[in-house]
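Structure record follows, encoded as structure tokens.
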Amino acid sequence: MAQNAANARAIAEANLAEISASQKAAAASAQLTTAQAAEITGTRQLALAK
10 MAQNAANARA
20 IAEANLAEIS
30 ASQKAAAASA
40 QLTTAQAAEI
50 TGTRQLALAK
């Protein structure tokens, strides 16, 4: 019984770590997208200023 609980806990902790890593990757992707959008906007403004 104790072994089953330990296994369940280990699986839950691994799942949480995986979710956390996935969330960090999603956040990094969103930041990259935001940076790309800002770069595109800046390029557009530069082109309009010419």
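The opening position of the sequence shown corresponds to residue 10 in the working numbering, with each subsequent residue numbered one higher.
The beta-carbon is built from N, C-alpha and C at its ideal position, and this holds for glycine as well.
Whole angstroms is fine: what's the gap from Ala30's alpha carbon to Ala23's? For Ala30 and Ala23, the distance between alpha carbons rounds to 11 Å.
The ligand ATP and Ala36: does any heavy atom of the ligand fall closer than 7 Å to the residue's C-beta? The ligand ATP is absent from the structure shown, which contains no ligand whatsoever.
For the alpha helix (DSSP H) containing Lys59, list its first residue and its last residue. From DSSP, Lys59 is part of no alpha helix (DSSP H); its letter is neither H nor E.
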